[in-house]
Structures are given as structure tokens and as C-alpha cells.
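Okay, so here's the structure we're looking at.
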């Protein structure tokens with residue numbers, strides 16, 4: 062991103078959104094990738110299927126409410142929506158300290174999930190049409206640094222003090238909520254008021270145009286979601302890692318993703334998205350299958366490095382492709398609808414992953430996700446990208 066583009070993108074209000082986004086994603090990564098699986102299994106004695114159900118509940122409320130939140134963002138101030146949403150997340154985190162039975166654990170995760178979406182959708186509405194992949198690469202850098210730092214810090218703190226870990230998460234969630242009061246009292250974007258039914262009709266037309274993309278949208282999040290409840294226990298039980306080594310694996314994978322996001326975004330802007338998706342998902346699948354062979358720790362860390370760069374190739378390309386289907390003037394609703402469709406797999410993935418791990422093994426879940434990612438890569442080999450918005454030859 063050149064300096065002029067960066068200055069226009071990083072306006073004063075956008076800097077505040079980015080800080081809040083970082084804090085929200087820090088808590089999300091900490092809670093869903095480390096705290097809920099480790100705390101639920103080790104401290105509360107919950108089974109992996111219950112933990113998977115809790116993570117699914119979080120994704121369920123997040124995904125279902127994306128459509129409603131997008132609609133509200135087109136009509137009410139950003140500050141009102143983000144403040145209320147982050148209050149729900151804060152309450153969900155606060156309840157976790159009392160969640161010593163399965164239903165309460167799942168309910169707390171569900172309440173937490175309500176507040177995740179709005180700040181991300183607000184940030185997406187700020188992306189310029191002519192620099193979609195590049196600016197999304199920047200947003201994903203912030204998103205991924207937060208998402209990756211959360212579980213790394215949590216893993217280290219959990220080895221030291223579980224209660225301290227909880228209070229750190231609660232404190233960061235509180236900070237995000239308090240910062241949301243500094244947001245300007247304005248709508249997400251300046252829009253012409255269009256009846257809700259008409260907006261849904263426009264979006265329905267766009268979804269019909271991109272119907273061939275829909276299977277990939279669901280399968281991608283399904284495969285990723287299956288890994289969430291089992292990754293910590295897989296790293297310990299199958300790969301023989303300590304908590305510190307698992308943190309190192311996350312740092313390497315996340316760091317390589319962060320380093321690659323902006324360059325990969327620029328390359329996909331210039332050369333198209335197809336091969337970034339094909340190669341990225343193929344490497345995903347091959348590495349997942351390689352990990353089921355229980356490689357030495359040094360080799361597992363190397364695979365994490367490759368996985369990180371693969372992820373950085375996929376994220377900007379995929380979301381820039383989706384951005385072409387957001388109707389002008391309805392960014393909040395548009396991103397809400399697309400995120401809801403994309404999140405369908407993420408809703409059920411964690412529960413399926415936890416259930417399969419309970420009945421079979423964590424390794425079987427990792428292997429199955431590898432097969433799914435290879436299938437997704439093959440799907441995009443034969444996919445007619447030229448028929449889709451935003452994927453024609455570069456001007």
C-alpha cells in the first residue's frame with residue numbers, strides 16, 4: 062500500500078476502529094483457540110464434543126446476527142451498534158468464571174459470540190473499490206495479529222495461572238467496550254435509504270450470480286471450524302508438544318501469515334485470485350495430512366511456516382473476490398449477508414470436529430480437514446473465474 066493510499070485509508074476514525082478490531086480479535090483468538098478448549102477440558106473436565114458445541118454456539122450467534130447487524134449499520138450509528146455488541150461479548154466473558162456445567166459453558170460462549178461481528182463489518186465498509194485486495198491485506202494483518210497474539214499469550218498464562226488468564230481476557234474485552242464510546246456518532250457510510258425488502262432483492266440477485274462460489278464458502282469455514290476444538294489437544298497428545306512449543310507453532314504460522322498478507326494482496330490485485338486460492342488450499346490440505354503422520358516437532362514447526370504463507374495467499378484473494386458482490390450503498394447489509402453465508406460452515410464445524418474427536422481421535426479430524434482442503438483446491442481448478450465480478454483481466 063503506497064503512502065497516499067495508506068493515509069486515506071488510515072483516517073483518524075479508522076485508527077480507532079483498527080485498535081478496537083485488534084482487541085476484539087485478541088479476545089476471540091484467546092477464547093476460541095486456547096481458553097475454551099484448554100480451560101474446558103483441563104479445569105472443568107468437559108468432553109471435546111461439549112467444547113465443540115460451545116465454540117459452535119459462539120459462531121452460531123455471530124453468524125446469525127451478521128445479517129441483522131449489517132441491516133442496523135445501514136440505519137443507526139456505528140457507535141450505538143458496536144457499543145451494544147461489545148457489551149454482550151463482555152458479559153459472555155464475565156459469565157465464563159461461573160460456567161462449571163456444560164449448558165452454562167455453552168450459553169456463555171453463545172452470548173460472547175453476539176458482539177464479534179460489527180467492528181469487522183464496519184472496517185470492511187471502509188475498503189476502497191480500486192484497492193480491495195491490498196487494503197483487505199492490511200485489515201487482515203491487524204485481524205490476524207490480534208487473533209494470533211490472543212492464544213499465544215493465553216497458552217503462556219494458562220501454564221502460570223488460570224485465574225489470571227481469565228482476568229486478562231476480561232480486561233481486554235472491557236478495554237474494547239470502553240474504546241467503542243469514542244467512536245463518532247455517525248452511520249457506517251453515507252447511504253441512500255433503500256427499503257429493506259429491496260436491499261434483500263438486490264443481494265438475492267448477487268447471490269444467484271455467485272451461486273457457484275457458495276459451496277466453497279461453506280466448505281472452507283466447515284474445514285477450518287472442525288480444527289478449533291481439537292488443535293491444543295492434538296498438539297499435546299499427537300505431536301508431543303508442550304504449551305510453549307504449541308505457542309511457538311502459533312507464532313510461526315501466524316507471523317508468516319502476517320508477513321505475507323499485504324504482499325499477497327498486492328499480487329492478487331495485479332494477477333487475479335484463481336491460483337492464489339488453488340495453491341493456498343492445496344498446501345493447506347497437504348500439510349494437514351502430513352501432520353497426521355506425527356512428524357518431529359522441528360518438522361511440524363516448518364509445516365506451520367508453510368501453512369502461514371498459504372493462509373496469507375488465500376485470505377486477501379478470497380475476500381476481494383467476495384467484495385465485488387457487495388451492492389454499492391449497502392455495504393453493511395451486503396457484508397452481513399455474505400458473512401452469514403460464509404459462516405454457515407463455521408457454525409457446525411466445531412461441533413462436528415469435537416464429536417468426531419470424541420468418537421474417534423483428534424488425528425482423524427485433522428486428516429479429514431486435509432482431504433476437504435484438497436477437494437476445495439481441486440474445485441477451484443475447474444472453477445470459471447472469468448465469469449465472476451472482480452476477477453477479469455487487470456485493467
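In this note's numbering, the protein residues as written are 62 to 456.
Every residue gets a Cβ at the ideal spot worked out from N, C-alpha and C, and that includes glycine.
Here the structure is a predicted model, which means the values were calculated and not measured.
Per DSSP, the bridge partner or partners of residue i
i	result
residue 422	DSSP output for residue 422 lists no bridge partner at all.
Environment of residue i [buried if 16+ CB atoms lie within 10 Å]
i	result
residue 164	exposed
residue 219	buried
residue 303	exposed
residue 103	exposed
residue 14	The structure shown does not extend to residue 14, since the chain is modelled only from 62 to 456, so the question has no answer here.
residue 110	buried
residue 301	exposed
residue 173	buried
residue 228	exposed
residue 76	exposed
residue 243	exposed
residue 421	exposed
residue 377	buried
residue 253	With a pLDDT of only 44 at residue 253, under 50, the local geometry of the prediction cannot be trusted, and no value is derived from it.
residue 78	buried
residue 305	exposed
residue 314	buried
residue 88	buried
residue 323	buried
residue 307	buried
residue 331	exposed
residue 85	buried
residue 333	buried
residue 355	exposed
residue 359	exposed
residue 139	buried
residue 154	buried
Residue range of the alpha helix (DSSP H) that includes residue i
i	result
residue 335	335 to 352
residue 92	Where residue 92 is concerned, there is no enclosing alpha helix (DSSP H), given that its DSSP letter is neither H nor E.
residue 286	275 to 288
residue 174	163 to 174
residue 232	223 to 240
residue 303	It is not in any alpha helix (DSSP H) - residue 303 carries neither H nor E in the DSSP assignment.
residue 178	178 to 186
Cβ neighbours of residue i in the same chain (closer than 8 angstroms, five flanking residues each side left out)
i	result
residue 469	Outside the displayed span of the chain (62 to 456) sits residue 469, for which this structure offers no information.
residue 101	107, 111, 112, 115, 166
residue 82	180, 181, 184, 200, 203, 204, 207
residue 340	371, 374, 438
Cut-off 6 angstroms between Cβ atoms - residues of its own chain near residue i, not counting five sequence neighbours on either side
i	result
residue 291	414, 418, 423, 426
residue 114	167, 412
residue 157	169
residue 179	130, 142, 143, 146
residue 293	98, 99
residue 245	74
Chain-order list of residues whose beta-carbon lies under 7 angstroms from that of residue i (same chain, five-residue window excluded)
i	result
residue 117	408, 409, 411, 412
residue 212	90, 91, 94, 95, 311
residue 215	91, 95, 96, 226
residue 434	284, 342, 345, 346, 349
residue 119	93, 170, 171, 173, 174
residue 437	277, 280, 281, 342
residue 363	none
ask   = On the three-pair Cβ rule with 8 angstroms, is the segment 323 to 341 touching the segment 225 to 242?
value = no
message = Taking contact to mean 3 or more Cβ pairs, one atom from each stretch, closer than 8 angstroms, check whether the segment 117 to 124 and the segment 199 to 212 are in contact.
response = The segment 117 to 124, when compared against the segment 199 to 212, does not touch it at the 8 angstroms Cβ threshold.
ask   = Any contact of the segment 303 to 322 with the segment 431 to 445, i.e. 3+ C-beta pairs under 8 angstroms?
value = no
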